[in-house]
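Protein chains in written order, with this note's numbering: chain A, 1 to 262; chain B, 263 to 421.
The following block contains the structure:
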């Protein structure tokens, strides 16, 4: 009898999980369907790019600079043993453009922009603003959620590019100006080995995908939150955890797809 | 902040992103070094291309004059066909030879063009006849061992 109860509980949990996935997929489909309508109200999108992109700029650029500094320092200590300190620029560049740029920007984006989106939508729900809009026959997906999704998808690649660019400049400052690696070698090895389409382009694709994932997770968590202070708090936490896990998982898949062929 | 202020800030944000992309493309990657301008395509067939990759540089006297655009295997002759684009500014004699060389001890492989003495120059679509394949370390060691064995064989048979 115990075993049967246990089995029933397990089944209920599984069913609840499937229902949640179905609900999330349906939410995504509705959101995608309302994207064209949101694009007609460009001003709403611009305002969201400001809220999501511009306001994340400081943390993203500061982190990029710090990552560039540290990468250059550590790489120098390792490479100088083999007399290959000139390759430092190349290694920092590839690490930033291919991986760290999109991934770290994505994680910071989830922490900075994702949480604020979840809290905003969650509080709109708790304050019954969403319900009030729907009473006035305003489609909240077109008016509130879709512009935020577009804003996130547009902002994230720009932020990732800035992260990588600032990181490379940071590595230049440490390696060339402080340590004394030859500046000509630093840039030329990068230029011969880094490909615009394969490396920079794929990094951009990654960043766009991560931006879409983060923003969608944030919006979904905000929209589905329990309308209490505690519920909103849990929802913001879940946004960070779920987006981060998705970014790390998707990064592996995208890297395998993009860089497996020679 | 008013509507105009927000628009200005977003404009600056996008501009900053564009500048970052231009920096990555031109300064930190190789878009600038590939002249999008006038090039002509030539082919060369090699017994073994070693580790040559698409986009590897084509050099003459150490100066990059073009890039490898495609590598395939000829189904009939089983030779590796390497297509490369050479900048129009550089004209090579028809009897030039192509070698697959390695940059430094452990560097990447590239195609080295050595000009011949012919008065006619290579035209688009021409095939470079004289080629020298990449040096494959295993073959080199194999040959060395074979020579050693042959030497000791003759040395043993002499007395």
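Using N, Cα and C, we set each Cβ at its ideal position, and we do this for glycine too.
Selected residue, minimal CA-CA separation from residue i, among the options
i, options, result
"residue 354(B)", "370(B), 386(B), 269(B)", "386(B)"
"residue 323(B)", "401(B), 339(B), 391(B), 363(B)", "363(B)"
"residue 170(A)", "9(A), 226(A), 61(A)", "61(A)"
"residue 390(B)", "401(B), 377(B), 402(B), 340(B)", "377(B)"
"residue 147(A)", "29(A), 40(A), 102(A), 260(A)", "40(A)"
"residue 306(B)", "346(B), 282(B), 272(B), 337(B)", "346(B)"
"residue 145(A)", "19(A), 27(A), 18(A), 20(A)", "27(A)"
"residue 335(B)", "349(B), 351(B), 312(B)", "312(B)"
"residue 348(B)", "274(B), 267(B), 371(B), 318(B)", "318(B)"
"residue 250(A)", "226(A), 231(A), 205(A), 84(A)", "205(A)"
"residue 92(A)", "131(A), 46(A), 74(A)", "74(A)"
"residue 370(B)", "401(B), 396(B), 287(B)", "396(B)"
"residue 257(A)", "199(A), 22(A), 233(A)", "199(A)"
"residue 70(A)", "86(A), 59(A), 96(A)", "96(A)"
"residue 94(A)", "225(A), 197(A), 46(A)", "197(A)"
"residue 76(A)", "34(A), 135(A), 181(A), 113(A)", "181(A)"
Classification of residue i by the beta-carbon crowding that lies within 10 angstroms, buried from 16 upward
i, result
"residue 413(B)", "exposed"
"residue 301(B)", "buried"
"residue 235(A)", "buried"
"residue 2(A)", "exposed"
"residue 125(A)", "buried"
"residue 382(B)", "exposed"
"residue 398(B)", "exposed"
"residue 98(A)", "buried"
"residue 19(A)", "exposed"
"residue 350(B)", "exposed"
"residue 163(A)", "buried"
"residue 270(B)", "exposed"
"residue 225(A)", "buried"
Residue j beta carbon less than 8 Å from that of residue i
i, j, result
"residue 357(B)", "residue 388(B)", "no"
"residue 165(A)", "residue 285(B)", "yes"
"residue 316(B)", "residue 327(B)", "no"
"residue 212(A)", "residue 158(A)", "no"
"residue 117(A)", "residue 219(A)", "yes"
"residue 110(A)", "residue 228(A)", "no"
"residue 201(A)", "residue 160(A)", "no"
"residue 57(A)", "residue 275(B)", "yes"
Rounded C-alpha distance that separates residue i from residue j
i, j, result
"residue 179(A)", "residue 81(A)", "15 Å"
"residue 422(B)", "residue 104(A)", "Only positions 263 to 421 of chain B appear in the structure, and residue 422(B) is not among them; the question remains open."
"residue 14(A)", "residue 242(A)", "19 Å"
"residue 176(A)", "residue 325(B)", "25 Å"
"residue 290(A)", "residue 216(A)", "What the structure shows of chain A is the stretch from 1 to 262, and residue 290(A) is not part of that stretch, so it cannot be assessed."
"residue 133(A)", "residue 140(A)", "7 Å"
"residue 314(B)", "residue 9(A)", "59 Å"
"residue 290(B)", "residue 44(A)", "35 Å"
"residue 260(A)", "residue 194(A)", "16 Å"
"residue 308(B)", "residue 411(B)", "29 Å"
"residue 237(A)", "residue 121(A)", "14 Å"
"residue 17(A)", "residue 223(A)", "18 Å"
"residue 64(A)", "residue 192(A)", "23 Å"
"residue 210(A)", "residue 254(A)", "11 Å"
"residue 107(A)", "residue 184(A)", "34 Å"
"residue 230(A)", "residue 83(A)", "56 Å"
"residue 277(B)", "residue 52(A)", "16 Å"
"residue 247(A)", "residue 214(A)", "8 Å"
"residue 251(B)", "residue 38(A)", "Given a span of 263 to 421 for chain B in the structure shown, any question on residue 251(B) remains unanswerable."
"residue 127(A)", "residue 48(A)", "21 Å"
"residue 359(B)", "residue 384(B)", "11 Å"
"residue 282(B)", "residue 29(A)", "33 Å"
"residue 407(B)", "residue 400(B)", "11 Å"
"residue 189(A)", "residue 137(A)", "59 Å"
"residue 303(B)", "residue 59(A)", "48 Å"
"residue 264(B)", "residue 50(A)", "12 Å"
"residue 333(B)", "residue 310(B)", "11 Å"
"residue 187(A)", "residue 372(B)", "20 Å"
"residue 115(A)", "residue 78(A)", "38 Å"
"residue 87(A)", "residue 72(A)", "11 Å"
query: Relative to chain A, which residues along the segment 312 to 326 of chain B have a C-beta separation below 8 Å, given in chain order?
result: Residues passing the 8 Å Cβ filter: 315, 317, 319.
task: Note down, in chain order, all residues in the segment 198 to 224 of chain A with a beta-carbon under 9 Å from any beta-carbon belonging to chain B.
output: The segment 198 to 224 of chain A vs chain B, Cβ under 9 Å: 198, 199, 200, 203, 204.
message: Using a Cβ-Cβ cutoff of 7 Å, what residues of the segment 149 to 170 of chain A are near chain B? List them in chain order.
response: Only those residues of the segment 149 to 170 of chain A whose C-beta falls short of 7 Å from the nearest C-beta of chain B are listed: 158, 161, 162, 164, 165, 168.
field: Residues of the segment 12 to 34 of chain A with Cβ closer than 8 Å to any Cβ of chain B, in chain order
entry: When C-beta distances to chain B are compared with 8 Å, every residue of the segment 12 to 34 of chain A stays at or above that value.
field: Contact list for the segment 56 to 84 of chain A against chain B, Cβ threshold 8 Å
entry: Against chain B - using a Cβ distance shorter than 8 Å - the residues of the segment 56 to 84 of chain A are 57.
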